[in-house]
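In UniProt numbering, the protein residues as written are 1 to 1222.
So, in structure tokens, the structure goes:
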């Protein structure tokens, strides 16, 4: 027994759920990633190492149905939950769902057909089929559309039809009577089973059919093993064999594609072949071997080409084109996996779905994974791998897809430095040696500065562990994970939060509130473990800073009134245990909190006034000094167990609002009340530098990413603006100036060489002139550095040496253009790029065209965007393309990708293309014509590219489903924009939509509108006529609505159609007559179960044939009240014949045992239409009288004689009647 284990899984949690990186596949243009949608688990008592039997099918409007051995599970399409889980007594061999989606038909291994109610899971009936030798099984179950019957195909070549399956009654019993077994059995007893066909007189297991299929176009049934058996259509008549084609292979599975007139087959040699439906010969073979299963899918391109999804024994999943078998992408991530494909699953925007099982020898076969393969951006996958620290895998992935690997190096450096900075220790423990050694080797490998690693190795100060981003807004504090995937804690206090700190273990949060209250919060649970109020005499004090001491875990608290307090005996370990194990028991917390002691260490003022309050504080670790600042800088001694005393008091001519010391540079960066940054020396306590920037609101110290890890300051201003500036010079950081200094050095070396003879340097003339000589290499290096310096100084473009020197110069150009502002493009080409392209033998037009295409492809599609960020740059680039054809081609690409409505920039480009004398101008005009259509699509939220013209009708139906007031006008405008040859389509579909929705009056009013063009009315009615044909033939309940519509507008149509265009046109023959005949066809089908057509009722000979068919049906009920004069006259009217002709035909086809009943109707036939009819009627009546001469029934004979006499007297008889009529 299997059951659904997990479903509704998030793709972003794939690694955390299964401890495995998402598998991926790729082709030339795209990357596809897999993630798990659901898992299915086997019951522990049934776990084995045997491979389970798995097959599945995606059923529209129901969900994904998967079979594993004896268990069947149906998932919702979203995979949020399961709809049903059902198990049989034997393995399931096939299944299908009835057209209503309410019942599941399942074939079991013991040739038993089960019917299951999906909503309740109740088995409504079971039927065993013959299985003489015990080797037969059910291969396929098909639903017939005419009467709800079911066809069952078995391996022994038998075909059975199950009829009189009252699914509506079953549904009612299951939903209203909770599946009452007696009621179900009563309804199930009515089911009949008919044996339609047997391929073999006596079958052997070796002859058994391996697969079957149905070709809907042409109505043929295919049965296959070592031969292909072709049977006729599934009609009420017996099924017969049409053809038998021997094969030199066994066919294990086949799927027909009627549109291509082919059949895709899997052979016993695990190979795919294509068989032609017309000649039954193999027309193509796939070279791929080891195929296990396949299914036909539709591709996502605009033509919806057919593809085949294949699973192999490699193991591997491939998507291949048909009929050429070209690989689009493949997946072979898990060597221990077995893959299964899902039948009838079209490739959607969210990808395809497949099934995976793990077959590693060490694991039992107890779990099945349902996975999706979705299209993704390579950059997103790379970012996730870096975020999880999988640098080696990221490097291989980047190389495979030719991505920039510099991002990986930067992320790796950042991770190592982050790990080193977040370590907490007093002495370096042995287990950290490996991390230091790895960091040291990595730094040497990348030529990095290793001083940081040495500092980390000898560092003694405890730093706050890497908890995450902590943000305070008024009274609320929120901590986010580093990845920002979720919040760790959200906490609110009674007053505004003034400061906070996290203890070195990263488990507790210390928060200072505006009422001078210190709170301690357990981060994992959000429980406040204790609160302590500090003295606040005048109510104006507040906590400025919280510091953790390293020796005993005590906490220092600094207040604005100049007080310093030490909290000791804080038993954080006990608090943690109570919060995690006892759910924060308040009594236990209070008991531990009572042990906390508070010591007043220092007071700056004997009695403080609010105007004297301290504005900020800081701690200088190197030297152990405390700084308190307002208009004076107060320097206190180190934080020891002894009392803190004041060391110095330095008056200032400014207020210091914030300060951060940098011990390595022996400076303090301060923000003054004048919103200016100044640098104070830690040795002299004097201002040594001032920043000219004004309006500074806040700042923080950061480390630069260059190899020396220089200090920088990140500043926010009131402009508003954020700046990164170097320290101590306050220069806006634009990166290291290595290119300028390297250039000067190289030029100096070259100057020395030029002023010195080559021989004195030990260089021969040959060496000096050769391309690879040291001098030539130096000259090349100087030229590169000159280019880099020019790019930076003239265009503010920073390019690394490796980026500039890469072998693909096209990528160099693209990197440069990516970093160039729109207004600088023209100057860049004239000042640098034109010469660069010439030296590297690159075509100016080809490079610009390719870059524009890439720029467009990397942007969002026109239906998402409201504007395009690339417009300004492209508008400058396109005029630089010299060739007219390539320039117009580039403009075409821009027009196709631009958001609608077009901006003035795009309109200007389009106008320039229209003025160009080139053959592509017509294509540009076409793009102009498409703009109204795109606006309509955007209005209705249609997030796809423009569909091909033959899919326009689907798009119009989509618009009508939205039911907007302007939908008809929008559909007309869309068609006029996309395909002017289909101008009538919106009106035709609109009328059909109204009629199908039972809005007949609206449809009549629409067609009767005098403002509607006559051609539109005529086109709509032609569609209605065509639809009426189909609906009448299929006995659809909507047929009557269509006939009523035709009757309502027939007078207007006859006025319109005064000129007869074609004798075959129904409108040319007289609409009144045509509508009447359609009604007759509908009535014959509805009331007498006889199919016919307008043409059959229009021609003599054919309508008599229809009459005989109707009367044949009626002949079986001649002894019931169904046979009456009214009924016969109705039949005569519908078939277009006289009542007398109907009587004559009825007499001719009626069996002699019903002649007594007929005599009653003959007495009523007193209105004879003509002598010819009278003679004919008298003749058959005489025959009837002569034949029907039973004893003891004199009254009947007298009736017939009376009828003959009256008929003869009324018509001046043309023949004599003898007295001895017997």
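Glycine is no exception: its CB is placed at the ideal position from the N, C-alpha and C atoms. Quantities reported herein were computed from a predicted structural model and do not represent experimental measurements.
Take the alpha-carbon of residue 116 and the one of residue 1092: they are about 37 angstroms apart. For residue 672, DSSP records a beta bridge to 656. Taking the Cα positions, residue 795 is about 7 angstroms away from residue 828. Contact between the stretch 107-123 and the stretch 139-159 is present: three or more C-beta pairs spanning the two stretches fall below 8 angstroms. For residue 42, the enclosing beta strand (DSSP E) begins and ends at 31-42.
By the C-beta criterion, the stretch 1133-1141 is judged to be in contact with the stretch 1106-1114, since at least 3 inter-stretch pairs fall below 8 angstroms. The beta-carbon separation of residue 158 and residue 195, rounded to 7 angstroms, stays under the 8 angstroms limit for a contact. Taken through DSSP and simplified to helix, strand or coil, residue 510 comes out as strand. The beta-bridge partner set that DSSP reports for residue 646 consists of 636. Each residue's CA atom was taken as its position, placing residue 1087 and residue 244 some 41 angstroms apart. Sequence-distant Cβ neighbours of residue 327 in its own chain, meaning closer than 7 angstroms and more than five residues away, are 318, 320. Check the Cα spacing between residue 676 and each of 663, 730, 605, 710: the tightest is with 730. Note on geometry: alpha-carbon atoms of residue 842 and residue 849 lie some 12 angstroms from one another.
Using a Cβ distance threshold of 8 angstroms, residue 252 and residue 286 do not count as a contacting pair.
Excluding sequence positions up to five before and after residue 309, its CB lies within less than 6 angstroms of the CB of 295, 297, 319, 341, all in the same chain and listed in chain order. Distance from the CA of residue 83 to the CA of residue 102, rounded to the nearest whole angstrom, comes to 11 angstroms. Assignment of residue 849 by DSSP, reduced to helix, strand and coil, places it in the helix class.
The C-beta separation of residue 654 from residue 668 comes to about 14 angstroms, leaving the pair out of contact by the 8 angstroms criterion. For residue 829, there is no enclosing alpha helix (DSSP H), as DSSP marks it with neither H nor E. In the three-state reduction of the DSSP assignment, residue 292 falls in the strand class, which pools E and B. Counting the other CB atoms within 10 Å of its CB gives residue 381 a total of 16 or more, which places it among the buried residues. Beyond the five residues adjoining it in sequence on each side, residue 160 comes within less than 8 angstroms, by CB distance, of 129, 151, 152, 154, 193, 194, 195, 196 in the same chain, given in chain order. For residue 508, the closest C-alpha among the options 467, 475, 471 is that of 467. Distance from residue 662 to residue 722 at the Cβ level is roughly 20 angstroms; contact not present, criterion being Cβ atoms closer than 8 angstroms. DSSP places residue 574 inside the alpha helix (DSSP H), whose first and last residues are 572-581. Comparing alpha carbon positions, the residue from 272, 370, 331 closest to residue 322 is 272.
The beta carbon of residue 134 lies closer than 8 angstroms to none in the same chain, with the five residues before and after it left out.
Taking 8 angstroms as the cut-off, the beta carbon of residue 34 is found no closer than this to the beta carbon of residue 269.
For residue 618, the three-state secondary structure derived from DSSP is strand. When the Cα atoms are used, residue 31 and residue 801 turn out to be separated by approximately 30 angstroms. For residue 407, the secondary structure class from DSSP, reduced to helix, strand or coil, is helix. Only exposed fits residue 854, as fewer than 16 other CB atoms lie within 10 angstroms of its CB.
Remark: fewer than three beta-carbon pairs, one from each stretch, lie closer than 8 angstroms, so the stretch 535-549 and the stretch 583-592 are not flagged as touching. Scanning its chain for C-beta atoms nearer than 6 angstroms, with the 5 sequence neighbours on each side dropped, one finds around residue 1110 the residues 1088, 1090, 1131, in chain order.
Counting of Cβ neighbours within 10 angstroms places residue 1096 among the buried residues, the total reaching 16 or more. Counting along the chain, residue 215 sits inside no alpha helix (DSSP H); it lies in the beta strand (DSSP E) bounded by residues 211-215.
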